[in-house]
Amino acid sequence: MTTSPRTALITGASAGIGATFARHLAARDHQLLLVARRGDRLQELAAQLTEQHGVRCEVFAADLTDPAAPAAILDHADQQGLNIDILINNAGLSGKTAFADTPWEVLAREIQLMVTAQTELAHRVVPGMKERRWGRIVNLSSVAAFAPPAASLLYTGIKSYVLNTSQALDMELKPHGIHVTALCPGFTHTEFHDVMGTRDRADHLPGILWQQPDAVVAEGWAAVMKGKPVCVPGTVNKISAAAMKPLPIRLGYFVGKTLNPFKNS
(Lines of atoms letter the chains of each structure in order from A and count residues from 1; the text may use other names and numbers.)
(Lines give C-alpha, C1' and ligand atoms only; values in the text may rest on other atoms or scores of the structure.)
Protein backbone atom coordinates (compact mmCIF):
# COMPACT_ATOMS: atom_id res chain seq x y z
CA MET A 1 0.00 0.00 0.00
CA THR A 2 1.33 3.43 -0.98
CA THR A 3 2.65 5.72 1.75
CA SER A 4 2.29 8.90 -0.33
CA PRO A 5 -0.76 11.11 0.27
CA ARG A 6 -3.90 10.31 -1.70
CA THR A 7 -5.13 13.09 -4.01
CA ALA A 8 -8.78 14.10 -4.21
CA LEU A 9 -10.38 16.00 -7.08
CA ILE A 10 -13.47 17.84 -5.85
CA THR A 11 -15.85 19.70 -8.16
CA GLY A 12 -18.14 22.43 -6.93
CA ALA A 13 -15.59 22.93 -4.19
CA SER A 14 -16.07 26.64 -3.52
CA ALA A 15 -19.00 26.21 -1.11
CA GLY A 16 -21.50 23.83 0.46
CA ILE A 17 -20.99 20.09 0.31
CA GLY A 18 -17.96 20.43 -1.98
CA ALA A 19 -16.10 22.75 0.40
CA THR A 20 -17.08 20.51 3.30
CA PHE A 21 -15.61 17.49 1.52
CA ALA A 22 -12.42 19.52 1.01
CA ARG A 23 -12.17 20.27 4.74
CA HIS A 24 -13.01 16.67 5.66
CA LEU A 25 -10.33 15.18 3.41
CA ALA A 26 -7.68 17.80 4.19
CA ALA A 27 -8.08 16.93 7.87
CA ARG A 28 -7.24 13.34 6.89
CA ASP A 29 -4.01 14.37 5.12
CA HIS A 30 -5.27 14.11 1.55
CA GLN A 31 -3.88 16.34 -1.17
CA LEU A 32 -6.57 18.30 -3.00
CA LEU A 33 -7.38 19.61 -6.45
CA LEU A 34 -10.31 21.97 -5.99
CA VAL A 35 -12.47 22.89 -8.99
CA ALA A 36 -15.27 25.45 -9.30
CA ARG A 37 -16.14 28.52 -11.32
CA ARG A 38 -15.22 30.98 -8.55
CA GLY A 39 -11.44 30.99 -8.52
CA ASP A 40 -11.21 33.57 -5.73
CA ARG A 41 -13.26 31.39 -3.39
CA LEU A 42 -11.11 28.38 -4.26
CA GLN A 43 -7.89 30.26 -3.55
CA GLU A 44 -9.21 31.39 -0.17
CA LEU A 45 -10.27 27.88 0.80
CA ALA A 46 -7.00 26.36 -0.42
CA ALA A 47 -4.96 28.81 1.66
CA GLN A 48 -7.01 28.00 4.76
CA LEU A 49 -6.64 24.25 4.33
CA THR A 50 -2.91 24.43 3.68
CA GLU A 51 -2.41 26.59 6.76
CA GLN A 52 -4.57 24.42 9.00
CA HIS A 53 -3.50 20.97 7.83
CA GLY A 54 -0.23 21.41 5.93
CA VAL A 55 -1.59 19.63 2.86
CA ARG A 56 -0.91 20.42 -0.77
CA CYS A 57 -4.00 22.12 -2.21
CA GLU A 58 -4.16 23.06 -5.89
CA VAL A 59 -7.02 24.99 -7.49
CA PHE A 60 -8.38 25.11 -11.02
CA ALA A 61 -11.15 27.51 -11.98
CA ALA A 62 -13.43 25.86 -14.52
CA ASP A 63 -17.05 25.91 -15.60
CA LEU A 64 -18.20 22.31 -16.05
CA THR A 65 -21.02 23.41 -18.33
CA ASP A 66 -18.20 23.86 -20.87
CA PRO A 67 -17.68 20.52 -22.70
CA ALA A 68 -13.92 21.17 -22.76
CA ALA A 69 -13.65 21.47 -18.97
CA PRO A 70 -13.20 17.82 -17.89
CA ALA A 71 -10.23 17.28 -20.20
CA ALA A 72 -8.71 20.59 -19.12
CA ILE A 73 -9.03 19.65 -15.44
CA LEU A 74 -7.27 16.32 -15.90
CA ASP A 75 -4.61 17.90 -18.10
CA HIS A 76 -3.92 20.35 -15.28
CA ALA A 77 -3.68 17.48 -12.80
CA ASP A 78 -1.12 15.76 -15.06
CA GLN A 79 0.90 18.97 -15.35
CA GLN A 80 0.96 19.25 -11.56
CA GLY A 81 2.05 15.62 -11.19
CA LEU A 82 -1.16 14.65 -9.41
CA ASN A 83 -2.64 11.17 -9.66
CA ILE A 84 -6.35 11.36 -8.86
CA ASP A 85 -7.16 8.69 -6.27
CA ILE A 86 -10.46 10.20 -5.12
CA LEU A 87 -13.12 11.90 -7.23
CA ILE A 88 -15.93 13.85 -5.57
CA ASN A 89 -18.41 14.69 -8.35
CA ASN A 90 -20.29 17.39 -6.48
CA ALA A 91 -20.97 20.27 -8.89
CA GLY A 92 -24.64 20.75 -9.65
CA LEU A 93 -27.63 23.02 -10.07
CA SER A 94 -31.35 22.77 -10.68
CA GLY A 95 -33.57 24.46 -13.21
CA LYS A 96 -36.33 26.65 -11.82
CA THR A 97 -38.56 27.30 -14.83
CA ALA A 98 -40.85 25.02 -16.83
CA PHE A 99 -39.20 22.82 -19.44
CA ALA A 100 -41.07 24.39 -22.38
CA ASP A 101 -40.25 27.91 -21.18
CA THR A 102 -36.53 27.26 -20.71
CA PRO A 103 -34.16 27.94 -23.63
CA TRP A 104 -32.46 24.78 -24.87
CA GLU A 105 -29.04 26.28 -24.17
CA VAL A 106 -29.91 26.45 -20.46
CA LEU A 107 -31.16 22.85 -20.37
CA ALA A 108 -28.09 21.69 -22.27
CA ARG A 109 -25.81 23.29 -19.68
CA GLU A 110 -27.68 21.51 -16.89
CA ILE A 111 -27.25 18.15 -18.63
CA GLN A 112 -23.61 18.86 -19.46
CA LEU A 113 -22.83 19.75 -15.85
CA MET A 114 -24.57 16.94 -14.00
CA VAL A 115 -24.60 14.11 -16.55
CA THR A 116 -21.91 14.44 -19.20
CA ALA A 117 -19.14 16.16 -17.22
CA GLN A 118 -19.65 13.95 -14.19
CA THR A 119 -19.53 10.80 -16.31
CA GLU A 120 -16.52 12.00 -18.30
CA LEU A 121 -14.51 12.86 -15.20
CA ALA A 122 -15.11 9.36 -13.84
CA HIS A 123 -14.13 7.83 -17.17
CA ARG A 124 -10.91 9.82 -17.25
CA VAL A 125 -9.76 8.99 -13.71
CA VAL A 126 -10.72 5.29 -13.62
CA PRO A 127 -7.76 3.97 -15.72
CA GLY A 128 -5.24 5.37 -13.23
CA MET A 129 -7.23 4.05 -10.30
CA LYS A 130 -7.34 0.60 -11.88
CA GLU A 131 -3.59 0.69 -12.45
CA ARG A 132 -2.97 1.61 -8.81
CA ARG A 133 -5.64 -0.85 -7.61
CA TRP A 134 -7.28 1.80 -5.42
CA GLY A 135 -9.89 4.49 -5.99
CA ARG A 136 -12.89 6.18 -4.42
CA ILE A 137 -15.63 7.98 -6.37
CA VAL A 138 -18.52 9.82 -4.73
CA ASN A 139 -21.23 11.03 -7.12
CA LEU A 140 -23.72 13.51 -5.70
CA SER A 141 -27.21 12.27 -6.38
CA SER A 142 -30.20 13.21 -4.22
CA VAL A 143 -33.02 11.68 -2.25
CA ALA A 144 -35.08 13.07 -5.16
CA ALA A 145 -33.72 10.16 -7.22
CA PHE A 146 -36.11 7.90 -5.31
CA ALA A 147 -39.11 10.19 -5.80
CA PRO A 148 -41.71 10.09 -8.56
CA PRO A 149 -40.87 12.37 -11.52
CA ALA A 150 -41.54 16.06 -10.90
CA ALA A 151 -43.37 18.03 -13.58
CA SER A 152 -41.23 20.25 -15.80
CA LEU A 153 -37.92 19.53 -14.09
CA LEU A 154 -34.93 17.51 -15.33
CA TYR A 155 -33.48 17.33 -11.82
CA THR A 156 -35.22 14.13 -10.69
CA GLY A 157 -34.31 12.29 -13.88
CA ILE A 158 -30.70 13.48 -13.75
CA LYS A 159 -30.28 12.43 -10.14
CA SER A 160 -31.82 9.03 -10.96
CA TYR A 161 -29.20 8.66 -13.70
CA VAL A 162 -26.47 9.43 -11.17
CA LEU A 163 -27.89 6.91 -8.70
CA ASN A 164 -28.18 4.08 -11.23
CA THR A 165 -24.88 4.78 -12.99
CA SER A 166 -22.98 4.90 -9.71
CA GLN A 167 -24.25 1.44 -8.78
CA ALA A 168 -23.38 0.07 -12.22
CA LEU A 169 -19.84 1.47 -11.99
CA ASP A 170 -19.41 0.09 -8.49
CA MET A 171 -20.33 -3.39 -9.72
CA GLU A 172 -17.76 -3.15 -12.51
CA LEU A 173 -14.93 -1.49 -10.62
CA LYS A 174 -15.01 -2.95 -7.12
CA PRO A 175 -12.92 -6.00 -8.17
CA HIS A 176 -10.19 -3.47 -9.11
CA GLY A 177 -10.15 -1.85 -5.67
CA ILE A 178 -12.39 1.06 -6.67
CA HIS A 179 -15.49 1.95 -4.65
CA VAL A 180 -18.24 4.10 -6.20
CA THR A 181 -20.98 5.59 -4.04
CA ALA A 182 -24.06 7.61 -4.96
CA LEU A 183 -24.51 10.09 -2.12
CA CYS A 184 -28.20 11.02 -1.91
CA PRO A 185 -28.77 13.88 0.53
CA GLY A 186 -32.05 15.64 1.11
CA PHE A 187 -32.40 19.28 2.11
CA THR A 188 -28.99 20.54 3.22
CA HIS A 189 -27.99 23.92 4.61
CA THR A 190 -25.87 25.25 1.72
CA GLU A 191 -26.00 28.10 -0.81
CA PHE A 192 -27.91 25.89 -3.28
CA HIS A 193 -31.32 27.48 -2.73
CA ASP A 194 -29.85 31.00 -2.73
CA VAL A 195 -28.25 30.40 -6.13
CA MET A 196 -31.44 28.83 -7.49
CA GLY A 197 -33.64 31.62 -6.12
CA THR A 198 -35.74 29.21 -4.04
CA ARG A 199 -34.65 30.31 -0.56
CA ASP A 200 -38.07 31.70 0.47
CA ARG A 201 -39.82 28.41 -0.25
CA ALA A 202 -37.03 26.37 1.31
CA ASP A 203 -37.17 28.37 4.54
CA HIS A 204 -40.79 27.36 5.04
CA LEU A 205 -39.92 23.65 5.21
CA PRO A 206 -39.88 21.99 8.65
CA GLY A 207 -36.50 21.99 10.36
CA ILE A 208 -36.56 18.21 10.79
CA LEU A 209 -36.06 17.84 7.03
CA TRP A 210 -32.73 19.66 7.02
CA GLN A 211 -29.17 18.45 7.55
CA GLN A 212 -25.87 20.23 7.97
CA PRO A 213 -23.27 19.58 5.24
CA ASP A 214 -20.81 18.19 7.82
CA ALA A 215 -23.21 15.36 8.63
CA VAL A 216 -23.84 14.60 4.94
CA VAL A 217 -20.14 14.48 4.13
CA ALA A 218 -19.17 12.40 7.16
CA GLU A 219 -21.78 9.75 6.36
CA GLY A 220 -20.99 9.83 2.64
CA TRP A 221 -17.26 9.40 3.14
CA ALA A 222 -17.76 6.57 5.61
CA ALA A 223 -20.04 4.87 3.08
CA VAL A 224 -17.59 4.99 0.18
CA MET A 225 -14.76 3.74 2.37
CA LYS A 226 -16.94 0.81 3.47
CA GLY A 227 -17.82 0.02 -0.14
CA LYS A 228 -21.49 0.96 0.06
CA PRO A 229 -22.81 1.78 -3.43
CA VAL A 230 -25.63 4.03 -2.14
CA CYS A 231 -25.69 6.37 0.84
CA VAL A 232 -28.84 8.15 1.95
CA PRO A 233 -27.67 10.28 4.90
CA GLY A 234 -29.95 11.03 7.81
CA THR A 235 -32.82 9.12 9.36
CA VAL A 236 -35.59 11.21 7.79
CA ASN A 237 -34.09 10.82 4.32
CA LYS A 238 -33.67 7.06 4.78
CA ILE A 239 -37.34 6.75 5.72
CA SER A 240 -38.40 8.89 2.76
CA ALA A 241 -36.29 6.93 0.28
CA ALA A 242 -37.53 3.59 1.60
CA ALA A 243 -41.14 4.75 1.36
CA MET A 244 -40.73 5.88 -2.25
CA LYS A 245 -38.73 2.95 -3.62
CA PRO A 246 -40.50 -0.40 -4.15
CA LEU A 247 -37.35 -2.50 -3.72
CA PRO A 248 -34.95 -2.05 -0.80
CA ILE A 249 -31.66 -0.51 -1.94
CA ARG A 250 -29.53 -3.56 -1.15
CA LEU A 251 -31.95 -5.97 -2.83
CA GLY A 252 -32.12 -3.80 -5.95
CA TYR A 253 -28.33 -3.68 -6.10
CA PHE A 254 -28.09 -7.47 -5.70
CA VAL A 255 -30.67 -8.10 -8.44
CA GLY A 256 -28.94 -5.69 -10.81
CA LYS A 257 -25.56 -7.27 -10.15
CA THR A 258 -26.53 -10.95 -10.36
CA LEU A 259 -29.48 -11.18 -12.75
CA ASN A 260 -28.39 -8.89 -15.60
CA PRO A 261 -28.41 -11.00 -18.82
CA PHE A 262 -26.47 -8.31 -20.68
CA LYS A 263 -23.62 -8.07 -18.16
CA ASN A 264 -20.18 -7.56 -19.67
CA SER A 265 -17.48 -9.91 -18.49
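Numbering of the sequence shown is given in my numbering, commencing with residue 2 and proceeding in unit increments.
Virtual Cβ for every residue (Gly too), placed ideally from N, Cα, C.
- About 6 angstroms separates the CB atoms of Val144 and Ser241; that is less than 8 angstroms, so the two are in contact.
- In this structure, the CA atom of Glu45 is about 17 angstroms from the CA atom of Leu26.
- Only residues of its own chain outside the window of five on either side were considered, and among them Phe22, His25, Leu26, Val139 have a CB closer than 8 angstroms to the CB of Trp222, listed in chain order.
- Note that the C-beta distance between Thr182 and Val225 is below 8 angstroms.
- Separation of Asp76 and Pro247 (C-alpha to C-alpha, rounded to the nearest whole angstrom) is 43 angstroms.
- When the beta-carbon positions are compared, Pro186 and Val237 stay at least 8 angstroms from each other.
- Between Ile112 and Thr8, the gap from beta carbon to beta carbon reaches 8 angstroms or more.
- Here Gln32 is buried, its C-beta having at least 16 other C-beta atoms within 10 Å.
- Counted as a single uninterrupted DSSP element, the alpha helix (DSSP H) harbouring His54 occupies residues 40-54.
- Residue range 136-141 is occupied by the beta strand (DSSP E) that includes Asn140, with no alpha helix (DSSP H) assigned at that position.
- One alpha carbon belongs to Ala37, the other to Leu122, and they sit about 14 angstroms apart.
- Taking a 10 Å sphere around the C-beta of Arg29, we find fewer than 16 other C-beta atoms and assign the residue as exposed.
- His177 sits in a helix when the DSSP states are folded into three classes.
- In the structure shown, the three-state DSSP call for Leu154 is coil.
- Here Glu220 has Cys232, Pro234 as same chain residues with Cβ atoms under 7 angstroms from its own Cβ, once five neighbours each way along the sequence are excluded.
- Ile179 places its beta carbon less than 8 angstroms from that of Gly136.
- By the C-beta density criterion, Phe255 is exposed, having fewer than 16 other C-beta atoms within 10 angstroms.
- Closest by C-alpha distance to Leu154, out of Pro6, Val56, Lys97, Gly19, is Lys97.
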